[in-house]
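The structure appears below as structure tokens.
In mature numbering (1 follows the signal peptide of the UniProt record, and there is no 0), the protein residues as written are -20 to -1, 1 to 154.
Rendered as structure tokens:
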């Protein structure tokens, strides 16, 4: 009898995505933790990993890495322009660009260890069936010639913000 109870409890824990964790490599020096194995999509040559964050499939987590050298920019240029609002706005527009109608609500500088970056919030005032997300929370970190962008997207009536701390803090860069 006790073996059955243990098996039932174990199966509940293993099947519950709230307890599951999957560490995904973004590149050869970074990783991020998703609640389940993420899927990949290729957007204009950029690999984006994504996974549902909640049981209702209304909150999505996304992660990507941008190698700025492919655009003719080096790490010195990134470091020199970190405080240049026009440069940062171009990067953030790139992050929000896939969400037509997304408007920047807030932008805050953050530093985690040696990494510097921004936490930003975008609002989509006109969610559609194709892009149903209302809120987009992004964590954009600069590391040499790489920019790491993590996002949480939620639909109206959900709380994506509650997932940001755990997801954003799971980014590890060597």
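Ideal placement from N, C-alpha and C gives every residue a C-beta, glycine not left out. Treat the numbers as computed from the prediction; the structure is a model and nothing was measured.
Where residue 103 falls: helix, strand or coil (DSSP): Reduced to three states, the DSSP call for residue 103 is strand.
Provide the residue(s) that pair with residue 85 in DSSP beta bridges, ordered along the chain. For residue 85, which the question treats as bridged, DSSP gives no partner whatsoever.
Under the three-state DSSP convention, the category residue 79 falls into: DSSP places residue 79 in coil when its eight states are reduced to three.
Excluding the 5 residues preceding and the 5 following residue 27 in the sequence, name in chain order all residues of the same chain whose CB lies nearer than 7 Å to its CB. Answer for residue 27: 20 and 44, listed in chain order.
CB-CB under 8 Å to residue 125, same chain, minus the five flanking residues each way: which ones, in chain order? 47, 48, 49, 53, 54, 55 and 58, listed in sequence order.
What would DSSP say about residue 140, mapped onto helix, strand or coil? coil
For residue 144, which residues in the same chain have their Cβ closer than 6 Å to its Cβ, ignoring the five residues on either side in sequence? 117 and 132
Taking all protein chains shown into account, decide if residue 151 is buried (16 or more other Cβ within 10 angstroms of its Cβ) or exposed. buried
Whose CA, out of 137, 6, 83 and 85, lies closest to the CA of residue 42? That would be 6, whose Cα lies nearest to the Cα of residue 42.
For residue 80 and residue 147, what's the separation of their Cα atoms in angstroms? 24 Å
Length of the line joining the Cα atoms of residue 139 and residue 39: 8 Å
May I have a chain-ordered list of the beta strand (DSSP E) segments no shorter than 3 residues that lie completely inside the stretch 14 to 88? If you keep only unbroken beta strand (DSSP E) runs of at least 3 residues inside the stretch 14 to 88, you get 19 to 23, 26 to 32 and 39 to 47.
When you compare only the Cα positions, how much space is there between residue 129 and residue 3? 16 Å
Rounded to whole angstroms, how far is the Cβ of residue 97 from the Cβ of residue 122, which I believe are closer than 8 Å? 5 Å
For residue 108, which residues does DSSP report across the bridge? Note: residue 108 sits in no beta bridge, so no partner.
Proximity below 9 Å, CB of residue 100 to CB of residue 75: Yes.
Distance, Cα to Cα, residue 115 vs residue 25? 25 Å
Rounded C-alpha distance that separates residue 31 from residue 134: Rounded to the nearest angstrom, the two C-alpha atoms are 12 Å apart.
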